[in-house]
Amino acid sequence: MKATPEYSDWQDVLDLIHRASDNGDEAKLLKMLLTPDERSALISRVNILNELLKGEVSQRQLSQMLGVGIATITRGSNELKQLDDAQKQWLLELLDK
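Heads up, the sequence shown is in the numbering used here, so the first residue is 121 and it goes up one at a time.
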């Protein structure tokens, strides 16, 4: 038995997802890894970041729209504050359908 887990950091998980993506199986893998509640939380996080970047609604309105607490919105806002303008622009472009 190994003394350490095979997947011990975030990059290991990203590499796993990348390998699944190479085969077109990222949805299958993520469905196996994440519970329905975790998938729902991830969808909420994506929507939070998207709406905060667009800046068209208040945090309170966003909380009501998504059915999440203000603290959840604040955590997303705090993550965005750590990004520089180029990173924010990249994310906004990625999120734009």
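Glycine residues also receive a C-beta, built at the ideal position from the N, C-alpha and C atoms.
Integer-rounded CB distance, given that residue j should sit under 8 Å from residue i
i	j	result
Leu136	Tyr127	7 Å
Leu212	Leu173	5 Å
Leu215	Lys208	That belief does not hold up - the Cβ atoms of Leu215 and Lys208 are roughly 11 Å apart, past 8 Å.
Of the residues the options, the one placed nearest residue i, counting alpha carbons only
i	options	result
Arg195	His138, Pro156, Ala161	Ala161
Arg165	Thr124, Ala191, Ala123, Gln209	Ala191
Whole-angstrom distance between residue j and residue i, CA atom to CA atom
i	j	result
Arg159	Gln184	19 Å
Leu169	Arg180	14 Å
Leu154	Ala147	10 Å
Ser197	Leu186	15 Å
Residue span of the alpha helix (DSSP H) that contains residue i, given as start and end
i	result
Ala133	At residue 133 the sequence reads Val, which differs from the Ala that was named. Element bounds for Val133: 130-142.
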